[in-house]
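> Heads up: the sequence shown begins at 1 in our numbering, then just goes up one per residue.
Ideal placement from N, C-alpha and C gives every residue a C-beta, glycine not left out.
This one's a predicted model, so the numbers in the text were calculated from it and none came from an experiment.
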Amino acid sequence: MKTCRICRRPVAPRAENPAFPLCSERCRMVDLGRWMVGDYVVSSPLPDGQEPLPRRDDDDDPDARG
Ligand SMILES: [Zn+2]
Numbered sequence: 001m002k003t004c005r006i007c008r009r010p011v012a013p014r015a016e017n018p019a020f021p022l023c024s025e026r027c028r029m030v031d032l033g034r035w036m037v038g039d040y041v042v043s044s045p046l047p048d049g050q051e052p053l054p055r056r057d058d059d060d061d062p063d064a065r066g
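1. On the DSSP letters alone, give me the boundaries of the alpha helix (DSSP H) that LEU143 sits inside.
2. For ligand 1, which residues count as neighbours when the test is a C-beta closer than 5 Å to any heavy atom?
3. Comparing alpha-carbon positions, which option in PRO21, ARG14 and ARG55 lies nearest CYS7?
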């Protein structure tokens, strides 16, 4: 028997359960909310290293003084 991944209760078959594969509409909403906040681990590669900040050398460069 399939169980709800939100509350672990038995899930009714799809034919009689519009919230399938969750047990109820409420759990379906919870499941959806988890996706929204990124509670599920998404295996997307993160960029390696840090992006360098753009330098601002307007007229603060000591070498340009003189
Ligand atoms: Zn449930």
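In short, the structure shows the following:
1. Given that the chain is displayed from residue 1 to residue 66, the structure contains no residue 143 and the question cannot be resolved.
2. CYS4, ILE6, CYS7, CYS23 and CYS27
3. PRO21
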